[in-house]
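J.:
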Ligand code: DQA
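In the working numbering, the protein residues as written are 62 to 207.
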């Protein structure tokens, strides 16, 4: 199967960004682990980080033409603001899992609302980088079941 991992704004700074909240792992390390996990099971995986909303939207549109089977997305701050990315995911109707490194419910009230959770296959938050690996594992299982 073919997986797309999308990372939203400021996640390029992982490793140095508020390590008490987000951990010490870098985005390259997260992506490398996911790629290894996917390839081990014979799957394909691509990843994109962007600080720009339109780039994430364009990538989601392209995913439909590329027949991406499943998306794993950490929309970062766009979680709480972006009707446009939500609409892009609905438009392509590719199933996705929403991931957050931090437990957003333990943080500021503005982080408690997500524009994605009600249309996601599942949501993982507060488990750090491990959450991405769990999401990929769950996505593989879901596809196998279908
Ligand atoms: C985040 C949580 C968001 O509230 C925040 O804006 C981020 C990262 C997380 O992974 O914990 O940038 O999505």
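C-beta: ideal position from N, C-alpha, C; glycine also.
In its own chain, which residues sit with a C-beta less than 8 Å from the C-beta of residue 73, not counting the 5 before and 5 after it?
T.: For the purposes of this step, residue 73 is taken as residue 12 along the chain shown, with counting starting at 1. Result list for residue 73: 88, 110, 112, in chain order.
J.: Give a single yes or no on whether residue 166 has its beta carbon closer than 8 Å to a heavy atom of ligand 1.
T.: The residue you call residue 166 lines up with position 105 of the chain shown. Incorrect: residue 166 has no Cβ contact closer than 8 Å to ligand 1.
J.: Helix, strand or coil for residue 63, going by three-state DSSP, please let me know.
T.: In the chain shown, residue 63 corresponds to position 2, counting from 1. Residue 63 falls in the strand class under three-state DSSP.
J.: Where DSSP assigns a beta bridge to residue 68, which residues make up the other side?
T.: By 1-based counting over the chain shown, the position of residue 68 is 7. Its beta-bridge partners are 110, 135.
J.: Use the C-beta contact count for residue 135: other C-beta atoms within 10 angstroms, 16 or more gives buried, fewer gives exposed.
T.: Numbered from its first residue, the chain shown carries residue 135 at position 74. By the neighbour-count rule (16 or more Cβ atoms within 10 Å), residue 135 is buried.
J.: Relative to ligand 1, is the shortest distance from any of its heavy atoms to the C-beta of residue 140 smaller than 8 Å?
T.: Numbered from 1 along the chain shown, position 79 holds the residue referred to as residue 140. Yes, Cβ of residue 140 sits closer than 8 Å to a heavy atom of ligand 1.
J.: Do the segment 141-154 and the segment 115-128 touch if we need at least three Cβ pairs shorter than 8 Å?
T.: They touch, by the three-pair rule.
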